[in-house]
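S.K.: The structure follows.
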Amino acid sequence: ADEDFSLRRYGALVQSFSAVRNTSSGALCLAHIAAGWADATFNFGTNPWDVAAGSYLVKLAGGRYRAYADGHEQPERGDFLAPD
Numbered sequence: 006a007d008e009d010f011s012l013r014r015y016g017a018l019v020q021s022f023s024a025v026r027n028t029s030s031g032a033l034c035l036a037h038i039a040a041g042w043a044d045a046t047f048n049f050g051t052n053p054w055d056v057a058a059g060s061y062l063v064k065l066a067g068g069r070y071r072a073y074a075d076g077h078e079q080p081e082r083g084d085f086l087a088p089d
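Below, the structure written as structure tokens:
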């Protein structure tokens with residue numbers, strides 16, 4: 006389910022990036038990506054309004070923000086992956 010997909014994506018992130026962040030605050034994690042302080046972040050179980058501003062910052066900084074559900078990209082969901 007979503008948890009299995011999230012764990013697989015996390016494993017891929019850890020192998021692909023040198024600094025992966027998860028601070029329990031989706032907005033703060035995304036701000037770290039936008040500032041260049043981390044290479045990637047992930048989170049699941051968040052609401053879209055919890056990460057709206059942070060995802061916008063990531064996009065303004067030239068990064069990528071992807072929201073997922075059941076292993077498929079769904080922008081209206083709060084579960085996210087944000088590689089720089």
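Here this note's numbering = 1-based position in the sequence shown + 5.
Even for Gly, the Cβ is constructed at its ideal location relative to N, Cα and C.
Predicted model only: the values in this text are computed from it and were never measured.
(1) Exposed or buried, what is VAL19 when buried is set at 16 or more other beta-carbons lying within 10 Å of its beta-carbon?
(2) Rank ASP9, GLY16, PHE49 by C-alpha distance to the C-alpha of THR28 and give the top, closest one.
(3) Specify the secondary structure class of ALA17 as computed by DSSP and reduced to three states.
(4) Return the CA-CA distance between GLY59 and ASP9, expressed in angstroms with no decimal places.
(5) For ALA57 and ALA45, what's the separation of their Cα atoms in angstroms?
(6) If THR51 sits next to GLY68, beta carbons under 8 Å apart, how far is it from one beta carbon to the other, in whole angstroms?
(7) What is the DSSP secondary structure of ALA57, reduced to helix, strand or coil?
(8) When DSSP labels each residue in this structure, what does GLY31 get in the three-state scheme?
M.R.: Reading it off the structure:
(1) Counting from 1 along the sequence shown, the entry for residue 19 is found at position 14. Under this definition VAL19 is an exposed residue.
(2) Stepping through the sequence shown from its first residue, residue 28 is reached at position 23. Here the closest residue by C-alpha is PHE49.
(3) The sequence position of residue 17 within the sequence shown is 12, counting from 1. Note: ALA17 maps to helix in three-state DSSP.
(4) For the purposes of this step, residue 59 is taken as residue 54 along the sequence shown, with counting starting at 1. For the purposes of this step, residue 9 is taken as residue 4 along the sequence shown, with counting starting at 1. For GLY59 and ASP9, the distance between alpha carbons rounds to 25 Å.
(5) For the purposes of this step, residue 57 is identified with residue 52 of the sequence shown, where counting begins at 1. For the purposes of this step, residue 45 is identified with residue 40 of the sequence shown, where counting begins at 1. Approximately 17 Å between the Cα atoms of the pair.
(6) Your numbering for residue 51 matches position 46 in the sequence shown. Your numbering for residue 68 matches position 63 in the sequence shown. Wrong, their Cβ atoms sit about 17 Å apart, outside the cutoff.
(7) Counting from one through the sequence shown, the residue named residue 57 turns up at place 52. Of the three classes helix, strand and coil, the one that applies to ALA57 here is helix, per DSSP.
(8) As a first step, residue 31 must be located in the sequence shown, where it is residue number 26. Of the three classes helix, strand and coil, the one that applies to GLY31 here is helix, per DSSP.
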